[in-house]
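Just so it is clear: in the sequence shown, position 219 is 219 by full-length UniProt numbering, and no numbers are missing. Presented below is the structure to which this report refers.
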Amino acid sequence: MSHQSDLIGTDINAYLKQHEQKELLRLLTCGSVDDGKSTLIGRLLHDTSMIYEDQLAALESDSSKVGSTGEKLDLSLLVDGLQAEREQGITIDVAYRYFSTAKRKFIMADTPGHEQYTRNMATGASNAQLAVILIDARHGVLTQTKRHSFLASLLGIKHVVVAINKMDLVDYSEQRFNEIREEYQHFCGNLGLEDVRFVPISALEGDNVVYPSENMPWFDGKPMMQVLETVPISHDKDFEHFRFPVQYVNRPNLDFRGFCGTIASGVVKPDDEVVALPSGRSTRVDRVVTFEGDQDEAHIDQAVTLTLKDEIDVSRGDMLVHAGNMPEVATAFNANVVWMTDQPLAPGRQYDIKQGPRYTSGAMRRVHYKTDVNTLEQQEGSELGLNEIGLCEFAVSHPLAFDPYPNCGSTGAFIIIDRLTNITIGAGMIKSTASDAEGLMNPVTIEEWQRRLDQKPLVIDCGGEAADKLATALQRSLFDVGKTGVVLDNTNTDSEEDRGSMADVLRSQGLIVLTAGISGTPADYSVSADNDAGISKAVQELLQTLRREQRLQG
Ligand SMILES: Nc1nc2c(ncn2[C@@H]2O[C@H](COP(=O)(O)OP(=O)(O)OP(=O)(O)O)[C@@H](O)[C@H]2O)c(=O)[nH]1
Numbered sequence: 001m002s003h004q005s006d007l008i009g010t011d012i013n014a015y016l017k018q019h020e021q022k023e024l025l026r027l028l029t030c031g032s033v034d035d036g037k038s039t040l041i042g043r044l045l046h047d048t049s050m051i052y053e054d055q056l057a058a059l060e061s062d063s064s065k066v067g068s069t070g071e072k073l074d075l076s077l078l079v080d081g082l083q084a085e086r087e088q089g090i091t092i093d094v095a096y097r098y099f100s101t102a103k104r105k106f107i108m109a110d111t112p113g114h115e116q117y118t119r120n121m122a123t124g125a126s127n128a129q130l131a132v133i134l135i136d137a138r139h140g141v142l143t144q145t146k147r148h149s150f151l152a153s154l155l156g157i158k159h160v161v162v163a164i165n166k167m168d169l170v171d172y173s174e175q176r177f178n179e180i181r182e183e184y185q186h187f188c189g190n191l192g193l194e195d196v197r198f199v200p201i202s203a204l205e206g207d208n209v210v211y212p213s214e215n216m217p218w219f220d221g222k223p224m225m226q227v228l229e230t231v232p233i234s235h236d237k238d239f240e241h242f243r244f245p246v247q248y249v250n251r252p253n254l255d256f257r258g259f260c261g262t263i264a265s266g267v268v269k270p271d272d273e274v275v276a277l278p279s280g281r282s283t284r285v286d287r288v289v290t291f292e293g294d295q296d297e298a299h300i301d302q303a304v305t306l307t308l309k310d311e312i313d314v315s316r317g318d319m320l321v322h323a324g325n326m327p328e329v330a331t332a333f334n335a336n337v338v339w340m341t342d343q344p345l346a347p348g349r350q351y352d353i354k355q356g357p358r359y360t361s362g363a364m365r366r367v368h369y370k371t372d373v374n375t376l377e378q379q380e381g382s383e384l385g386l387n388e389i390g391l392c393e394f395a396v397s398h399p400l401a402f403d404p405y406p407n408c409g410s411t412g413a414f415i416i417i418d419r420l421t422n423i424t425i426g427a428g429m430i431k432s433t434a435s436d437a438e439g440l441m442n443p444v445t446i447e448e449w450q451r452r453l454d455q456k457p458l459v460i461d462c463g464g465e466a467a468d469k470l471a472t473a474l475q476r477s478l479f480d481v482g483k484t485g486v487v488l489d490n491t492n493t494d495s496e497e498d499r500g501s502m503a504d505v506l507r508s509q510g511l512i513v514l515t516a517g518i519s520g521t522p523a524d525y526s527v528s529a530d531n532d533a534g535i536s537k538a539v540q541e542l543l544q545t546l547r548r549e550q551r552l553q554g
C-alpha cells in the first residue's frame, strides 16, 4: 500500500492501539446508475492512498484496456465486484468497504440504487450514521434522489452529504450547484433530516473529494473526505436512557449469575436501581464486569456482564433499564416496515419477530398506509409487496420493551423472519405503541386469550397522569404471570355507559379489564401513577395485593 503510518514499521503495538481508538463512522453511498458512485469510491480510496501497489498496476492496465475514461485511470474499475454480479444477474447484496485515514475508521456500505434494490439499501443503511447521496450535476434531483433521501430519513440516518458530481461537465458552475442545492432543500424540508451538507465534486478529476478544488474557488466548504472525517457523531449517542437487552445469562457456578449483553444506550454504574422488563421487577446493579475487570461505569456500545443485588428472574431477551426511565412495553405497536420478499406481508399471517436478542411471534394487523418511495405519497393498502414500505400495526405474543426508533435505533428496530425458511423477510422500525384492546378482534391472538380464560374476572381502574402507560405496564406484567388483560381507554367507546357495559362483557368472559383514566366503570381495584417511577411501584403493589388475595397465583 502506498501510504501507511510510520508506526507500523517502528512500533506495531502503538499503531494497533492508535487504530483501535480511532472513531468509527459507518456510511452508506447511494446514487442512480452512472451518477459516478464507483468512480467516487475509487477516487476516495486512491487519493487517501488506500490502494495497494499491485491493485494500482492492475487498475492502470485495465483502464487502458476496458476503461471508459480515455487516458485517465478508470477508478470505477476498482469497485467493479458489484457490477460483475449485476451483469451476471445474480443476487445483488450490500458490499462493505473498510478503510481508514489518520483521523477515523470507515465502514462504507455500497448499495445498488435502483428501486428493485430498496431492500438492499435498507439493509446497508440499517446502522449507517451518514449517507452520501450522489447527484449528477447535469441531471439534478431525480426520483431516485428522493427515494434515497426518504429511506435515509426513515432509517434514522442523522447526517447526509449531498455530493453533486460531474461538476467538470457543467463548467464547475456555481449557479448550477446553487440550483441543485435549492431544489434538494425544497423537497427534503419535509423529511426531517437533521444535518444536510452539500459538496460540489468531480469524482473523475478529483475535485473536492479528498483535496480542495482549484476549479471551484467559489466553494468555501470542506472537501468530502474532510466532512467524513469531522462530522460530529459522538453527540448522536444517547448517554441518558439506559437500555440493556440481555443476550446471555452466564452462570458458570453457584456463586455467579451475570447478565451479558451490549449496552444499547445510556450509562450504568454499580448500585444503580434497575427494572427488568417485561416483568417489572426491580433491584440494584451489584457489579459491572468486563474482560478487563470490574468497572465503575459502562456506557453505550460496550459489551459487559452485569450482576444484580437480588436474585430476580431475568432471562435472555429481557431488558434491564433504570427505574424511573422506562421504555414503552407493549404487545401491540405501529411500525414502519420495509418488505423484502415476494410473498406479501398480509394481515393475520404468523411470523417470528426478533428485536435484539428477543424472539417472539406475531402478526401484522393492518396497514395504516403505504408510502410510494418515489413520490412519498401515502396510499391505502391491505398488504405490503416486495420492496414496499408502509406503516403497519403489529401484535406480538410476548410483550416487547422498546423505544420509538428515532429515539433508540437498537431497541426500536426489529426483523421479521419466515417461520419455515428462517430467512429475514422484513425490517421494522417501531413508531409507537398501539392499543392492545384491539387484539380482542385479532384472530391471531384470540386462541392465546381463550387459553388464558381461567383467571378470576376483575376490573382495574388505572388513574393518574400516566394512566395509559400504567394500564399497559400492568397488562404486560399480568401477561408475564400467565394472565391476559384488556385495556379499555378513551378511544374504545364513546360513552361512559358503553364503557361500563363493555367492561362487563369482557369481565364476564374472564378477562382482566384495565381502564385507563376513564370514569364510569365499576372497578374492583383502583391504582394511580403520575410518572415512570410511580408506574413501576403501582404495578408491584397491585400484583402483591392480587397475590395476597389469591386472585393471582404465582
Ligand atoms: N466527466 C465526469 N465523468 C464522471 C465523473 N464521475 C464518473 N464519471 C463517469 O460516469 C460514468 C459512470 O461512472 P460510474 O462510477 O461507473 O458510475 P456508477 O454510479 O458507479 O454507475 P453504476 O455502477 O452503473 O451504478 C463513467 O464513465 C465515469 O467515468 C465525473 O466527475 N466527471
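Backbone N, C-alpha and C fix where the C-beta goes; we use that ideal spot for every residue, glycine too.
Quick one: Cα of residue i to Cα of residue j, how far?
i, j, result
"L376", "L134", "19 angstroms"
"Q550", "L543", "10 angstroms"
"K269", "A298", "7 angstroms"
"T230", "K222", "10 angstroms"
"M224", "N208", "6 angstroms"
"Q295", "R287", "8 angstroms"
"K469", "I389", "29 angstroms"
"A128", "Q379", "28 angstroms"
"L458", "T515", "11 angstroms"
"V304", "V314", "16 angstroms"
"C30", "F150", "12 angstroms"
"V289", "T307", "8 angstroms"
"R97", "R43", "13 angstroms"
"E541", "I415", "35 angstroms"
"D255", "E311", "11 angstroms"
"N250", "S265", "21 angstroms"
"V527", "V160", "47 angstroms"
"T39", "E20", "29 angstroms"
"D34", "N165", "11 angstroms"
"E214", "Y184", "25 angstroms"
"K431", "N336", "7 angstroms"
"W218", "D342", "49 angstroms"
"P347", "R366", "6 angstroms"
"I41", "A363", "41 angstroms"
"T411", "D403", "6 angstroms"
"Q350", "A276", "27 angstroms"
Using DSSP with H/G/I as helix, E/B as strand and the rest coil, what is residue i?
i, result
"N325", "coil"
"V444", "Any reading at V444 must be qualified, since the residue scores a pLDDT of 30, below 50, and its modelled position is unreliable; no value is offered."
"V231", "coil"
"D47", "helix"
"I460", "strand"
"D532", "helix"
"R547", "helix"
"R316", "coil"
"T118", "helix"
"E393", "strand"
"Q129", "coil"
"K103", "coil"
"residue 557", "Coverage of the chain is limited to positions 1 through 554, which leaves residue 557 absent and any answer about it impossible."
"G385", "coil"
"A466", "coil"
"P421", "Just to set this straight, residue 421 is Thr in the shown sequence, not Pro. Residue state, collapsed to three classes: coil."
"T472", "helix"
"N336", "strand"
"D296", "coil"
"T331", "strand"
"E20", "helix"
Using 8 angstroms as the limit for Cβ to Cβ distance, is residue i near chain D?
i, result
"K309", "Absent from the structure is chain D; it holds one protein chain and no more."
For residue i and residue j, which I take to be in contact (beta-carbon distance under 8 angstroms), what is that distance rounded to the nearest angstrom?
i, j, result
"A137", "R176", "6 angstroms"
"D238", "I300", "7 angstroms"
"E292", "S282", "Their Cβ separation, rounded to whole angstroms, is 28 angstroms, which puts E292 and S282 out of contact at 8 angstroms."
"L155", "A125", "4 angstroms"
"I157", "A131", "5 angstroms"
"M340", "I233", "Not quite, the Cβ-Cβ distance comes to about 28 angstroms (not below 8 angstroms), so this is no contact."
"V246", "P357", "7 angstroms"
"R316", "Y248", "6 angstroms"
"M319", "A401", "4 angstroms"
Just to confirm, does residue i get its C-beta within under 7 angstroms of one of the non-hydrogen atoms of ligand 2?
i, result
"D34", "As far as ligands go, the structure on display features ligand 1 and does not contain ligand 2."
* Asked: Which parts of the region 138-214 are runs of the alpha helix (DSSP H), unbroken and 4 residues or longer, counting only runs that do not cross its ends?
  -> 143-154 and 174-188
* Asked: Which ranges does the beta strand (DSSP E) cover as unbroken runs of at least 3 residues, wholly within the region 349-383, from first to last along the chain?
  -> 350-355 and 358-371
* Go through the region 219-291 residue by residue and report every complete run of the alpha helix (DSSP H) that reaches 4 residues or more, in order. => 224-230
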